[in-house]
Ligand code: PMP
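Numbering (UniProt numbering), first residue to last: 1 to 355.
What follows is the structure in structure tokens.
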């Protein structure tokens with residue numbers, strides 16, 4: 001979270017804008033929360049440049065919830081295609097199998113999820129209800145640098161993207177997307193809020209078994225207030241949207257500014273890793289994630305010492321996911337360039353100390 005956002009939330013914790021209430025104490029149907037909600041939605045639309053024919057839904061259930069909610073709403077019980085590129089798309093495919101004929105049409109499992117399968121090789125199913133792609137695989141550190149253009153592949157199915165771990169770090173080409181979902185907890189706010197951006201024509205096709213609170217049409221028709229929405233998450237995300245919109249890098253603002261900053265952060269870290277024999281990143285350079293940078297020490301017997309020294313230097317949460325091992329630096333939007341410089345400085349020092 002950006003520190004400025006946390007400080008503002010702290011200052012408003014007991015009394016939001018002189019209302020005599022904290023946000024957690026408000027009715028979600030009152031005018032105060034109504035104002036918070038309307039601004040958050042409008043700011044997110046502006047921030048991500050969401051076209052008018054897409055609805056923004058503030059839901060609950062997280063990315064894993066959406067793994068079930070998407071097929072319940074979009075699959076019509078028919079075929080859905082999955083491009084498997086890492087741990088999260090593996091999970092999405094597995095969950096969708098409970099609701100439809102979920103098929104893996106491309107996979108990089110044989111490459112240990114280190115490169116993206118070329119869209120030209122995807123075995124897309126004619127008439128599939130949708131095509132699912134995880135555009136940033138958080139655990140594996142692999143990211144689509146451009147969204148696949150399904151129309152150019154002769155496929156008219158909507159593209160569903162799980163953009164949980166890089167939302168608002170780069171722009172989205174909505175012409176190529178039918179639905180995007182993501183948990184807020186990486187780049188947008190606290191855990192508990194799920195963002196769904198869905199094209200109008202995809203509403204209204206839910207399976208009968210779909211819970212009403214997870215039926216996109218019901219949620220859209222009720223401005224995300226069919227059930228009580230995660231009000232605190234929406235408020236915090238709203239402060240973050242406002243913060244993001246105010247960010248600038250040269251002439252760039254908002255997401256474009258974040259994209260520049262994230263590119264500079266990632267180039268610094270990958271550049272250092274590539275220039276060293278002590279550290280290595282195994283992901284194809286064409287699809288390395290700007291958000292999640294997994295890396296390995298050449299001699300893994302130094303792992304514990306590396307992590308202990310990092311903790312002492314105030315560099316936290318660097319241990320890699322257990323399924324991949326090694327280290328992982330997650331350098332989300334709120335991580336400033338100085339944070340990555342500090343990490344690289346520590347890595348250089350650690351390497352020297354082991355020589
Ligand atoms: N998809 C991606 C890309 C993720 O990074 C995560 C969480 N790390 C999930 C899905 C699962 O999200 P949640 O824990 O909110 O269900």
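Every residue gets a Cβ at the ideal spot worked out from N, C-alpha and C, and that includes glycine.
(request) Report the three-state DSSP secondary structure of residue 85 (helix, strand or coil). (result) Three-state result, residue 85: coil.
(request) Sort out for me which residues DSSP pairs residue 56 with in a bridge. (result) According to DSSP, which records beta bridges pairwise, residue 56 is partnered with 197.
(request) Note down the Cα distance separating residue 313 from residue 225, rounded to an integer number of angstroms. (result) If you take the alpha carbons of residue 313 and residue 225, they lie about 44 angstroms apart.
(request) Go through the stretch 172-258 residue by residue and report every complete run of the beta strand (DSSP E) that reaches 3 residues or more, in order. (result) You should have 179-183, 194-199.
(request) Taking only heavy atoms of the ligand PMP into account, decide whether any of them is closer than 6 angstroms to the Cβ of residue 248. (result) Residue side-chain check: residue 248 keeps its Cβ at 6 angstroms or more from all non-hydrogen atoms of the ligand PMP.
(message) Quick check on DSSP: helix, strand or coil for residue 316?
(response) DSSP places residue 316 in coil when its eight states are reduced to three.
(message) Starting from residue 161, trace the beta strand (DSSP E) in both directions and tell me its first and last residue.
(response) DSSP places residue 161 inside the beta strand (DSSP E), whose first and last residues are 159-162.
(request) Note the first and the last residue of the continuous beta strand (DSSP E) segment covering residue 106. (result) The continuous beta strand (DSSP E) containing residue 106 extends over residues 101-107.
(request) Would you kindly work out how many angstroms separate the C-alpha atoms of residue 257 and residue 57, rounded to a whole number? (result) Computed Cα separation, rounded: 25 angstroms.
(message) Please state the DSSP three-state secondary structure of residue 331.
(response) Coil, per DSSP.
(message) For residue 247, tell me which candidate among 329, 259, 237 has the shortest Cα-Cα distance.
(response) Here the closest residue by C-alpha is 259.
(request) Starting from the C-beta of residue 83, find all residues in its chain whose C-beta is less than 6 angstroms away, skip the five residues before and the five after it, and write them out in chain order. (result) Excluding sequence neighbours, residue 83 sits near 106, 133.
(message) Within 10 Å of its beta-carbon, does residue 51 have 16 or more other beta-carbons around it, so buried, or fewer, so exposed?
(response) With fewer than 16 neighbouring CB atoms inside 10 Å of its own CB, residue 51 falls in the exposed class.
(message) Once DSSP output is grouped into helix, strand and coil, what is the label at residue 296?
(response) Three-state result, residue 296: strand.
(request) Out of 267, 43, 335, point me to the one whose CA is closest to residue 287's CA. (result) The candidate whose alpha carbon is nearest that of residue 287 is 267.
(message) I want to know whether the stretch 205-220 touches the stretch 165-174 - three or more CB-CB distances under 8 angstroms.
(response) The answer is no - the stretch 165-174 does not touch the stretch 205-220, with fewer than three Cβ pairs under 8 angstroms.
(message) Please report the straight-line C-alpha distance between residue 138 and residue 324, rounded to a whole angstrom.
(response) Straight-line Cα distance between these residues: approximately 11 angstroms.
(request) Return yes when the C-beta of residue 62 is under 6 angstroms from any heavy atom of the ligand PMP, and no when it is not. (result) Yes; taking the cut-off as 6 angstroms, the Cβ of residue 62 has a heavy atom of the ligand PMP nearer than that.
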